[in-house]
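Below is one structure, written out as structure tokens; the observations come after it.
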Amino acid sequence: MSKTKLYLLGIIITIVIGCFLYPRFCCEKCKMTDSKENKIVTPKSINSFEKKFEFSDETLEYSCETNFNFEKDRFNYSPPTDSCINIGIEKLKSYLSKNKEIRLEITGYTNITEKNTSAFPNLGFARANDVKNYFISKGIPSNRFEINGEIKNNLKIVEKRVIGPISFKLSKTQSFVKAENWNEIKDKYSSTPLVLNFDSNQTEISLSDSERESMAEIVKYIDNVANSKIICTGHTDNSGNRIRNIELGLERANFAKYYLIKNGMSESKIETYSKGQDEPISDNLTPEGKAKNRRTVITLK
Numbered sequence: 001m002s003k004t005k006l007y008l009l010g011i012i013i014t015i016v017i018g019c020f021l022y023p024r025f026c027c028e029k030c031k032m033t034d035s036k037e038n039k040i041v042t043p044k045s046i047n048s049f050e051k052k053f054e055f056s057d058e059t060l061e062y063s064c065e066t067n068f069n070f071e072k073d074r075f076n077y078s079p080p081t082d083s084c085i086n087i088g089i090e091k092l093k094s095y096l097s098k099n100k101e102i103r104l105e106i107t108g109y110t111n112i113t114e115k116n117t118s119a120f121p122n123l124g125f126a127r128a129n130d131v132k133n134y135f136i137s138k139g140i141p142s143n144r145f146e147i148n149g150e151i152k153n154n155l156k157i158v159e160k161r162v163i164g165p166i167s168f169k170l171s172k173t174q175s176f177v178k179a180e181n182w183n184e185i186k187d188k189y190s191s192t193p194l195v196l197n198f199d200s201n202q203t204e205i206s207l208s209d210s211e212r213e214s215m216a217e218i219v220k221y222i223d224n225v226a227n228s229k230i231i232c233t234g235h236t237d238n239s240g241n242r243i244r245n246i247e248l249g250l251e252r253a254n255f256a257k258y259y260l261i262k263n264g265m266s267e268s269k270i271e272t273y274s275k276g277q278d279e280p281i282s283d284n285l286t287p288e289g290k291a292k293n294r295r296t297v298i299t300l301k
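This is the structure we're talking about:
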């Protein structure tokens, strides 16, 4: 066989062997390279605000890597709750039962881009109130809490889910900056009650900033005063007959009641009544006067 034919045969054999070995030794490397080149890297949030579930003082210290999370623009926490949190609540309950002077301060956070869908001054306060209610459901009395809300613009938000916008702090009762005078608050709402006005066929309640502050004050009163109640009394204008207006007034009172329940106030703490058209605060001769008379009055006892 000539040298030329030997060279050609060698080239052909090399090509065949190369085709056989390439998939085995080269493709995995190529795939790995492609995977790295095509991988999409999501940048981490820089200095994002995220709290762990933790509380401590000179005696007790507890911490979890997780916390309560919330959907964006919402104030009800997203279940399920991590078992570490529930264990911590049980430890806290035992600790508070033995240390009557200690309270848990719960601060909820929101940012300015979130819509306040609650009855309170901000979504952070509403979140703190919702988490407080979870603690209460585990057997801790409502008067062992102080709740607050703050705005933080660097909250950690992942896929429309706000991560850990709640913090906890154990404090002695006397260390709280403001000691509330609960009798003064009760008297305040007796003399100048919170009044919610209704348009005909109204299906939503819209609150002013001052009314939201009042709601926060009311929930703190209910939490701290034993046997206290929120009284919702419905009123109407004089359109229609008196019996029907008594019914309509009660419907308005119940509408306000369920609004309060939706915002985390206990149903057992709310009583509803109706005065119908019997106690107008304005004349019923003009549309403006009638509108003032269509109302629910909220007081405390």
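Residue numbers (UniProt numbering): 1 to 301.
C-beta atoms are modelled at their ideal positions from N, C-alpha and C, and glycine is treated no differently.
In this structure, the beta-carbon distance from P193 to G108 does not fall below 8 angstroms. By the criterion of a C-beta distance shorter than 7 angstroms, N241 is surrounded by no residue of its chain, once the five residues flanking it on both sides are discounted. A Cβ-Cβ separation of about 20 angstroms leaves G234 out of contact with S191 under the 8 angstroms criterion.
Here V195 is bridged, per DSSP, to V297. A residue is called buried once 16 or more other Cβ atoms fall within 10 Å of its Cβ, and L285, having fewer, is exposed.
In the structure shown, S274 adopts extended strand secondary structure according to DSSP, grouped into three states.
Under the DSSP assignment, K169 falls in the beta strand (DSSP E) whose first and last residues are I166 to K172. The DSSP-derived three-state label of N129 is helix. Per DSSP, reduced to three states, the secondary structure at S266 is coil, with no helix or strand assignment. Under DSSP, Y62 takes part in a beta bridge, and its partners are F55. Less than 8 angstroms divides the Cβ of V131 from the Cβ of Y77. Under DSSP, G108 forms a beta bridge with G149 and I166. Here I89 is buried, its C-beta having at least 16 other C-beta atoms within 10 Å. With respect to the C-alpha of E146, the residue from I87, S118 and N224 having the closest C-alpha is N224.
Boundaries for G240: no beta strand (DSSP E) harbours it, and the DSSP string shows neither H nor E there. Measuring C-alpha to C-alpha distances from N238 to each of K292, E54 and V158 identifies K292 as the nearest. For I222, same chain residues with a beta-carbon under 6 angstroms away, outside a window of 5 residues either side, are S228 and K269 in chain order.
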